[in-house]
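Structure first, then comments.
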Amino acid sequence: MALNTFPSGKHLSITKFISRLLFVFFGMALSFSAPGNADEENLQDAFKNGKFILDTRVRYENVKAANFINNAEGLTFRARFGFETAPYKGFVLLAEGDFTRDLGVNDFNSTVNGKTQFPVIADPDSARLNRFSITYSGLDKFTFGVGRQRLVLDNARFVGNVGFRQNEQTFDSALFQTNLIDEVTFTYVYVWQVNRIFGSQSPVGKLDTKTHLFNVSYGGLPVGKITGYAYFMNVDGAAAASNQTVGIRLTGEQE
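Here the sequence shown is numbered in my numbering, starting from 1 and rising by one per residue.
Here you go:
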């Protein structure tokens, strides 16, 4: 249902994106509910007992690069704010926006401000929807998620949120995860859009994709955790960014 609701290769307006996710959330929630005042009160409690999100950061960066006479210098501020409901029959709704501005120290090429005489510091001014997702974990050892999500797989070498930048990379995606087998975690994600770090004003701030991500890990080895992954990334109109990556990763420590 998620893939038909959010088709690949099309940019949805924020209004349509939010309205469709709300429709899915309440439709699925009601399908698990029996009629009566108690269910309505529980849904109200999910919002009443939810939590607000506030995450702020000030960041300074100085860049000296070859072939540039001028050094880049940037002082920027980022704020993320949102709300996450408490679970209601296994469902959690999360909405979060983010806002980035320079604090007057802006001698840098943000990739959209035209200051090409300076090296790049990719923290442009931006205001956008950062995350908006529905997660369902009402079945034991299974998790389902759909919407604009933060994805960080393993050490973020191939799939991550680029967390050291002010504007986060997020993924319009559908996620399935299970640890039905002890010590084994299987994750599958389908991604139809990548929301990149270049902000709300960038013409390359979004990429349409038809991407399949498979990741399975086993943590019961004496030496640590072994992970196998297969990432099939098909980016529309950007052949250089498309790839097929298969690998194995072993992590652990010994005293």
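Beta carbons: idealized from backbone N, C-alpha and C, even for Gly.
Per-residue burial, residue i [other beta carbons within 10 Å of its own, 16 or more giving buried]
{"i": "Val246", "result": "exposed"}
{"i": "Gly199", "result": "buried"}
{"i": "Pro203", "result": "exposed"}
{"i": "Gly237", "result": "exposed"}
{"i": "Asn215", "result": "buried"}
{"i": "Thr116", "result": "exposed"}
{"i": "Arg57", "result": "exposed"}
{"i": "Gln169", "result": "buried"}
{"i": "Val191", "result": "buried"}
{"i": "Gly36", "result": "With a pLDDT of only 43 at Gly36, under the threshold of 50, the placement of this residue in the model should not be trusted, and no figure is reported."}
{"i": "Arg157", "result": "exposed"}
{"i": "Ser241", "result": "One point to set straight first is that residue 241 is Ala, not Ser, in the sequence displayed. The residue is exposed, with fewer than 16 neighbouring Cβ atoms inside 10 Å."}
{"i": "Val223", "result": "exposed"}
{"i": "Asn195", "result": "buried"}
Residue i, DSSP secondary structure in three states
{"i": "Phe43", "result": "According to the sequence as given, residue 43 is Leu; it is not Phe. Three-state result, Leu43: helix."}
{"i": "Ala239", "result": "helix"}
{"i": "Lys89", "result": "coil"}
{"i": "Lys48", "result": "helix"}
{"i": "Gln168", "result": "It is Glu, not Gln, that sits at residue 168 in the sequence shown. Correct three-state label for Glu168: coil."}
{"i": "Lys225", "result": "strand"}
{"i": "Leu103", "result": "strand"}
{"i": "Asp98", "result": "strand"}
{"i": "Asn113", "result": "coil"}
{"i": "Gln254", "result": "coil"}
{"i": "Gly247", "result": "strand"}
{"i": "Arg157", "result": "coil"}
{"i": "Arg148", "result": "strand"}
{"i": "Val63", "result": "strand"}
{"i": "Val58", "result": "strand"}
{"i": "Ile134", "result": "strand"}
{"i": "Leu129", "result": "strand"}
{"i": "Gly82", "result": "strand"}
{"i": "Ala122", "result": "coil"}
Whole-number beta carbon distance between residue j and residue i, since they are thought to touch under 8 Å
{"i": "Phe118", "j": "Asn70", "result": "5 Å"}
{"i": "Val189", "j": "Leu175", "result": "5 Å"}
{"i": "Pro87", "j": "Ala46", "result": "7 Å"}
{"i": "Leu258", "j": "Val159", "result": "Beyond the ends of the chain as shown, which are 1 and 255, falls residue 258; an answer cannot be given."}
{"i": "Ile197", "j": "Arg165", "result": "5 Å"}
{"i": "Phe132", "j": "Phe83", "result": "11 Å between Cβ atoms; not a contact."}
Note to self: In chain order, what are the residue ranges of uninterrupted beta strand (DSSP E) at least 3 long that sit wholly in the segment 173 to 209?
What the structure shows: Listed in chain order, the beta strand (DSSP E) runs fully inside the segment 173 to 209 are 184 to 195, counting runs of at least 3 residues.
Check: Can you find at least 3 beta carbon pairs, one from the segment 62 to 82 and one from the segment 145 to 159, that sit closer than 8 Å?
Finding: Counting Cβ pairs under 8 Å, fewer than three are found: no touch.
Notebook entry, point to check: Is the segment 82 to 99 touching the segment 175 to 189 in the sense that three or more CB pairs, one from each, lie closer than 8 Å?
Noted result: Verdict: no, contact absent.
Check: Between the segment 127 to 138 and the segment 104 to 115, do three or more beta carbon pairs fall short of 8 Å?
Finding: Contact between the segment 127 to 138 and the segment 104 to 115 is absent: fewer than 3 CB-CB pairs across the two stretches fall below 8 Å.
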